[in-house]
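The working numbering runs 3 ahead of the 1-based position in the sequence shown.
Here's the structure we're looking at; comments come further down.
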Amino acid sequence: MRLWDRRDGRLGLEGYLEPEHSAAFRSLIEQLAAPRPATAGIPDTRTTGQRNADALLEVCGLARAAQDCPTTAGEPHHLTAIDWDALRTSLGVATLDYGTQISASEARRWACDAKIIPVVLGGKSEPLDVGRAMRTVPLSIRRALVARDRGCAFPA
4 MRLWDRRDGR LGLEGYLEPE HSAAFRSLIE QLAAPRPATA GIPDTRTTGQ
54 RNADALLEVC GLARAAQDCP TTAGEPHHLT AIDWDALRTS LGVATLDYGT
104 QISASEARRW ACDAKIIPVV LGGKSEPLDV GRAMRTVPLS IRRALVARDR
154 GCAFPA
């Protein structure tokens, strides 16, 4: 399998599976990629390719949540570098650990479910202080807010 960074920020993916693995992979992806039933009379309009990509991301999410998932420093993680003002206002960009840039608003959505580790950088980007992982709110309160707000909501 080959992975590469595209100029538009997306990840390119190409590869082949051996026959003994193909059936298991195809079965899992096809089950998760099946068109979703119409909601409020609106059918699932995603293309087969979009549904397959969504299914692969769902598999990644399930694998990441599994207890046997490989980890670095105790848990799955990735680094997102963003200026505090950009995170607070949703204006600007964030840089992921592989150099890909995403919008500040996307980084804000990710921060809803993240454990934040603050890092203070000096003028030449040298780390001056690295904090401890902390959630923005305790998990029990987060669940209550999701139930109430039907998702992540940042105060204005």
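C-beta: ideal position from N, C-alpha, C; glycine also.
Here the structure is a predicted model, which means the values were calculated and not measured.
Pull up the distance between the alpha-carbon of residue i and that of residue j, whole angstroms please.
| i | j | result |
| --- | --- | --- |
| ASP32 | HIS24 | This sequence places Ile at residue 32; Asp is not what is there. ILE32 and HIS24: Cα-Cα distance of roughly 12 Å. |
| CYS63 | ALA56 | 11 Å |
| ASP47 | ASP11 | 26 Å |
| ARG151 | CYS115 | 15 Å |
| ALA26 | ARG111 | 38 Å |
| ASP8 | ILE105 | 13 Å |
| ILE2 | ALA37 | This structure gives no information on residue 2, because the portion of the chain shown stretches from 4 to 159. |
| GLU2 | GLY102 | There is simply no residue 2 to check, as the chain begins at 4 and stops at 159 in what is shown. |
| ARG91 | PRO22 | 49 Å |
| THR42 | LEU131 | 50 Å |
| ALA159 | SER30 | Its pLDDT being 45, under 50, ALA159 is placed unreliably by the model, and nothing is read from it. |
| GLY126 | GLU109 | 26 Å |
| ARG146 | ARG13 | 31 Å |
| TRP1 | ARG49 | With the chain covering 4 to 159 only, the question about residue 1 has no answer from this structure. |
With DSSP as the reference, label residue i as helix, strand or coil.
| i | result |
| --- | --- |
| ILE85 | coil |
| THR51 | helix |
| ASP152 | helix |
| ASP132 | strand |
| LEU94 | coil |
| LEU35 | helix |
| LEU20 | coil |
| ARG5 | strand |
| GLY64 | helix |
Please say whether residue j and residue i have beta carbons closer to each other than 8 Å?
| i | j | result |
| --- | --- | --- |
| VAL122 | VAL133 | yes |
| ALA107 | LEU99 | no |
| LEU82 | ALA58 | no |
| GLY18 | ARG5 | yes |
| PHE28 | LEU16 | no |
Since residue i and residue j are thought to touch, with beta carbons under 8 Å apart, how far apart are those beta carbons, to the nearest angstrom?
| i | j | result |
| --- | --- | --- |
| ALA68 | ALA84 | Actually they are not in contact, since the Cβ atoms of ALA68 and ALA84 sit about 25 Å apart, beyond 8 Å. |
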